[in-house]
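Residue numbers (the numbering used here): 4 to 385.
What follows is one structure encoded as structure tokens, with my remarks underneath.
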Amino acid sequence: MISSKLPNVGTTIFTTMSQLAVQTGALNLSQGFPDFNGPQALLDAVGRHISAGHNQYSPMTGLPALRQQVAAKVARQYGVTVDADHEVTITPGATAAIFCAIHAVIRPGDEVIVFDPCYDSYEPAVELAGGRCVHVQLGADSFAIDWQKLSDALSPRTRMIVINSPHNPSGALITRAELDQLAALIADRDIYVLSDEVYEHLVYDGARHASVLAHEALYARAFVVSSFGKTYHVTGWKTGYVIAPPALSAELRKVHQYVNFCGVTPLQWALADFMAEHPEHVEELPAFYQAKRDLFCGLLQGSRFQFKPVAGTYFQLVDYSAIRPDLDDVQMSVWLTREHGVATIPVSVFYQQPIPEQRLVRLCFAKREETLRQAAEKLCAI
Ligand code: PMP
Ligand code: GLN
Numbered sequence: 004m005i006s007s008k009l010p011n012v013g014t015t016i017f018t019t020m021s022q023l024a025v026q027t028g029a030l031n032l033s034q035g036f037p038d039f040n041g042p043q044a045l046l047d048a049v050g051r052h053i054s055a056g057h058n059q060y061s062p063m064t065g066l067p068a069l070r071q072q073v074a075a076k077v078a079r080q081y082g083v084t085v086d087a088d089h090e091v092t093i094t095p096g097a098t099a100a101i102f103c104a105i106h107a108v109i110r111p112g113d114e115v116i117v118f119d120p121c122y123d124s125y126e127p128a129v130e131l132a133g134g135r136c137v138h139v140q141l142g143a144d145s146f147a148i149d150w151q152k153l154s155d156a157l158s159p160r161t162r163m164i165v166i167n168s169p170h171n172p173s174g175a176l177i178t179r180a181e182l183d184q185l186a187a188l189i190a191d192r193d194i195y196v197l198s199d200e201v202y203e204h205l206v207y208d209g210a211r212h213a214s215v216l217a218h219e220a221l222y223a224r225a226f227v228v229s230s231f232g233k234t235y236h237v238t239g240w241k242t243g244y245v246i247a248p249p250a251l252s253a254e255l256r257k258v259h260q261y262v263n264f265c266g267v268t269p270l271q272w273a274l275a276d277f278m279a280e281h282p283e284h285v286e287e288l289p290a291f292y293q294a295k296r297d298l299f300c301g302l303l304q305g306s307r308f309q310f311k312p313v314a315g316t317y318f319q320l321v322d323y324s325a326i327r328p329d330l331d332d333v334q335m336s337v338w339l340t341r342e343h344g345v346a347t348i349p350v351s352v353f354y355q356q357p358i359p360e361q362r363l364v365r366l367c368f369a370k371r372e373e374t375l376r377q378a379a380e381k382l383c384a385i
């Protein structure tokens, strides 16, 4: 008999729902990925670098040219200077970055505070490090931090707090004032912050993303994670990065060098070229995705789903209580996929203790206009 180190882990909801979409031929608005390609110049650059022989290991910390582009972007975006050599590490995806950051600092018996609904990869990483996640629920409608609940969850064992803004699955943003409040709450404690900012450029209605990178007190104790997959429409490239102060980056790199050693070399060359040649790409992303959000939400006005357009990410939550209140959200997602040809993600799976009366599913709008129109037509017919 195998004694599993992760007895509660099964197949993720993303795999389950994407498989069901394929099996049933449904439009797949479940797992978060675009159904369109990344920029042609970026794709072309990969081929060029593979042909040029950039196919061996890259430096453990990441290709210098790409680390410099990340530092330049961060300077433009948030007005902060990070040292490309000592504070930026390229990883094979944000997932690996998160895993390495957690393993760099979490020891057996440590507690890590996560906010529910919570992205699925944090807890297994914490458990494998011998730690324990303490789940704190976000506001049921606002998905904002409940400060009383957070301060109640702090203990002498708390070693890390994981925040995620823009937030998957709700699309909620953490404000600068909330970062201040968090910094004040943990000022006298030995607690690290893991800030998952993979949707940093997907922020709408003129709002600015409040990055931990631009918050001096929090950054001093933080790992800030992002993903080229989201930013450049290439989720399958699994290329991301961590920015952390030099001492934390050094610890992170000790783990990264044995888990991954390095990221995929030709992809890093291509990203470095593209970022140098097309700095406008990230500037244009908010408008690009906001147009998709507005199109999709506009079309869904004709449905019986209830929703408020999201503030960030490429996910829209919709409430289906006017349609099938008798179904829980997992049943609803299966029903929508099988009976109505649109695959969605139930929100309860992101909770340790789901809210029984909640009736929400998540729809990914990182899709071509044609896909969004077809999906909306199906959803409006219910
Ligand atoms: N964090 C969040 C909140 C995500 O939604 C994702 C998306 N897949 C990741 C991390 C992982 O990103 P990557 O695909 O670069 O590993
Ligand atoms: N982050 C993606 C989502 O939320 C899923 C990525 C994955 O399947 N691991 O849909």
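Just so you know, even glycine gets a beta-carbon here, dropped at the ideal spot from N, CA and C.
Here the structure is a predicted model, which is why all the values come from computation and not from measurement.
Below 8 Å, can you find three or more Cβ-Cβ pairs linking the segment 83 to 92 to the segment 63 to 74? By the Cβ rule, the segment 83 to 92 counts as touching the segment 63 to 74, because three or more pairs are nearer than 8 Å.
Smallest Cα separation from residue 170: which of 142, 162, 23 and 183? For the purposes of this step, residue 170 is taken as residue 167 along the sequence shown, with counting starting at 1. In this structure, 142 is the residue among 142, 162, 23 and 183 with its C-alpha nearest to the C-alpha of residue 170.
For residue 59, count the other beta carbons within 10 Å of its own beta carbon; 16 or more makes it buried, fewer makes it exposed. Which is it? Stepping through the sequence shown from its first residue, residue 59 is reached at position 56. By the 16-neighbour rule on beta-carbons within 10 angstroms, residue 59 is exposed.
Would you tell me roughly how many angstroms separate the C-alpha atoms of residue 157 and residue 116, rounded to the nearest one? Position 154 of the sequence shown, counted from the first residue, corresponds to residue 157. Position 113 of the sequence shown, counted from the first residue, corresponds to residue 116. Residue 116 has its alpha-carbon roughly 8 Å from the corresponding atom of residue 157.
Can you give me the C-alpha to C-alpha distance between residue 202 and residue 227, rounded to a whole angstrom? For the purposes of this step, residue 202 is taken as residue 199 along the sequence shown, with counting starting at 1. For the purposes of this step, residue 227 is taken as residue 224 along the sequence shown, with counting starting at 1. The straight-line gap from Cα to Cα measures roughly 12 Å.
Using the rule of at least 16 other Cβ atoms within 10 Å of the residue's Cβ for burial, across every protein chain shown, is residue 35 buried or exposed? Counting from one through the sequence shown, the residue named residue 35 turns up at place 32. Within 10 angstroms of the beta-carbon of residue 35 lie 16 or more other beta-carbons, which makes it buried.
CA-to-CA distance, residue 354 to residue 8, given in whole angstroms: For the purposes of this step, residue 8 is identified with residue 5 of the sequence shown, where counting begins at 1. For the purposes of this step, residue 354 is identified with residue 351 of the sequence shown, where counting begins at 1. Rounded to whole angstroms, the separation of the alpha carbons of residue 354 and residue 8 is 21 Å.
With burial defined as no fewer than 16 other Cβ atoms inside 10 Å of the residue's Cβ, what is the status of residue 276: buried or exposed? Locating residue 276 in the sequence shown gives position 273, where the first residue counts as 1. Around the beta-carbon of residue 276, 16 or more other beta-carbon atoms lie within 10 Å, marking it buried.
Could you spell out the range, first to last residue, of the alpha helix (DSSP H) harbouring residue 24? Within the sequence shown, residue 24 is the residue found at index 21, counting from 1. Per DSSP, residue 24 belongs to the alpha helix (DSSP H) from 16 to 27.
Is any heavy atom in ligand 1 found nearer than 6 Å to the beta carbon of residue 332? Working through the sequence shown from its first residue, we reach residue 332 at position 329. It does not: the Cβ of residue 332 is nowhere closer than 6 Å to a heavy atom of ligand 1.
Tell me whether the segment 229 to 243 and the segment 260 to 279 touch, counting them as touching only if at least three CB pairs, one residue from each stretch, are closer than 8 Å. Taking 8 Å as the limit for Cβ pairs, the verdict is that the segment 260 to 279 does touch the segment 229 to 243.
Starting from residue 367, follow its DSSP beta bridges and name the residues at the other end. The residue you call residue 367 lines up with position 364 of the sequence shown. Beta bridge pairing from DSSP links residue 367 with 318.
If we count the other Cβ atoms within 10 Å of its Cβ and call it buried at 16 or more, is residue 272 buried or exposed? The sequence position of residue 272 within the sequence shown is 269, counting from 1. Buried, since its Cβ has 16 or more Cβ neighbours within 10 Å.
If you count every other CB in all the chains shown that lies within 10 Å of the CB of residue 39, and 16 or more means buried, which is it? Locating residue 39 in the sequence shown gives position 36, where the first residue counts as 1. Classification of residue 39: exposed, given that the 10 Å Cβ count is below 16.
Who are residue 114's beta bridge partners in DSSP? Reading the sequence shown from its first residue, position 111 is the one you call residue 114. Looking at the DSSP assignment, residue 114 forms a beta bridge with 135 and 161.
Does the distance between the C-beta of residue 34 and the nearest non-hydrogen atom of ligand 2 fall short of 6 Å? Position 31 of the sequence shown, counted from the first residue, corresponds to residue 34. For ligand 2, at least one heavy atom lies less than 6 Å from the Cβ of residue 34.
Shortest alpha-carbon distance to residue 12 belongs to which of 42, 194, 123 and 25? As a first step, residue 12 is located in the sequence shown; it is residue number 9 there, counting from the start. Checking every option, the nearest Cα to that of residue 12 belongs to 123.
Measure from the alpha carbon of residue 19 to the alpha carbon of each residue in 86, 349 and 137, then state which is nearest. Mapped onto the sequence shown, residue 19 falls at position 16. Residue 19 has its Cα closest to that of 349, out of 86, 349 and 137.
Cβ-Cβ distance between residue 327 and residue 335 below 7 Å: As a first step, residue 327 is located in the sequence shown; it is residue number 324 there, counting from the start. As a first step, residue 335 is located in the sequence shown; it is residue number 332 there, counting from the start. Yes, they are a contact pair.
Given a cut-off of 7 Å on the beta-carbon distance, is the pair residue 32 and residue 364 in contact? Residue 32 sits at position 29 when you count from the first residue of the sequence shown. Residue 364 sits at position 361 when you count from the first residue of the sequence shown. The criterion of a C-beta distance shorter than 7 Å is not satisfied by residue 32 and residue 364.
Along the chain, which unbroken stretches of the beta strand (DSSP E) at least 3 residues long are found entirely within the segment 294 to 354? Segments of the beta strand (DSSP E) lying fully in the segment 294 to 354: 318 to 322.
Between the segment 159 to 166 and the segment 51 to 58, can you find at least three pairs of beta-carbon atoms closer than 8 Å? Counting Cβ pairs under 8 Å, fewer than three are found: no touch.
Since residue 243 is in the beta strand (DSSP E), which residue starts that stretch and which ends it? For the purposes of this step, residue 243 is taken as the residue at position 240 of the sequence shown. Where residue 243 is concerned, the enclosing beta strand (DSSP E) stretches over 243 to 246.
Residue 369 versus residue 317 - alpha carbon distance: For the purposes of this step, residue 369 is taken as the residue at position 366 of the sequence shown. For the purposes of this step, residue 317 is taken as the residue at position 314 of the sequence shown. Between residue 369 and residue 317, the alpha-carbon positions lie close to 6 Å from each other.
For residue 150, count neighbouring C-beta atoms within 10 Å of its own C-beta (all shown protein chains included) and say buried if the count is 16 or more, exposed if not. Translated into positions along the sequence shown, residue 150 becomes position 147. Residue 150 should be labelled exposed.
Which same chain residues, not among the five before or five after residue 132, have their C-beta less than 8 Å away from its C-beta? Numbered from 1 along the sequence shown, position 129 holds the residue referred to as residue 132. For residue 132, where only same-chain residues beyond five positions count, the Cβ hits under 8 Å are 105, 106, 109, 110, 111 and 113.
Determine the DSSP secondary structure at residue 199, reduced to helix, strand or coil. In the sequence shown, the residue the question calls residue 199 occupies position 196. Of the three classes helix, strand and coil, the one that applies to residue 199 here is strand, per DSSP.
Under 6 Å from any heavy atom of ligand 2, does the C-beta of residue 368 make it? Taking the sequence shown and counting its residues from 1, the one referred to as residue 368 is at position 365. No; taking the cut-off as 6 Å, the Cβ of residue 368 has no heavy atom of ligand 2 nearer than that.
Compare the C-alpha of residue 297 against each of 307, 312 and 305 and name the closest. For the purposes of this step, residue 297 is taken as residue 294 along the sequence shown, with counting starting at 1. Among 307, 312 and 305, the Cα nearest to that of residue 297 belongs to 312.
For ligand 2, is there a heavy atom less than 6 Å away from the beta-carbon of residue 31? Indexing the sequence shown from 1 puts residue 31 at position 28. No, ligand 2 has no heavy atom inside 6 Å of this Cβ.
Would you please state the rounded distance, in angstroms, between the beta carbons of residue 315 and residue 174? I believe it to be under 8 Å. The residue given as residue 315 occupies position 312 in the sequence shown. The residue given as residue 174 occupies position 171 in the sequence shown. Indeed, because the Cβ distance is near 5 Å, the residues count as touching under 8 Å.
Under DSSP, the beta strand (DSSP E) around residue 229 begins and ends at which residues? One-based indexing of the sequence shown puts residue 229 at position 226. Segment 225 to 230, the beta strand (DSSP E) holding residue 229.
What's the gap between the Cα of residue 319 and the Cα of residue 224? In the sequence shown, counting from the first residue as 1, residue 319 sits at position 316. In the sequence shown, counting from the first residue as 1, residue 224 sits at position 221. Residue 224 has its alpha-carbon roughly 32 Å from the corresponding atom of residue 319.
Range covered by the beta strand (DSSP E) that runs through residue 53: Taking the sequence shown and counting its residues from 1, the one referred to as residue 53 is at position 50. Here residue 53 belongs to no beta strand (DSSP E); instead the alpha helix (DSSP H) covers 43 to 54.
Under the rule that 16 or more other beta-carbon atoms within 10 Å means buried, what is residue 295, buried or exposed? Along the sequence shown, one-based indexing puts residue 295 at 292. The residue is buried, with at least 16 neighbouring Cβ atoms inside 10 Å.
For residue 130, the nearest candidate out of 102, 146 and 139 (CA to CA): The sequence position of residue 130 within the sequence shown is 127, counting from 1. Nearest option by C-alpha distance: 102.
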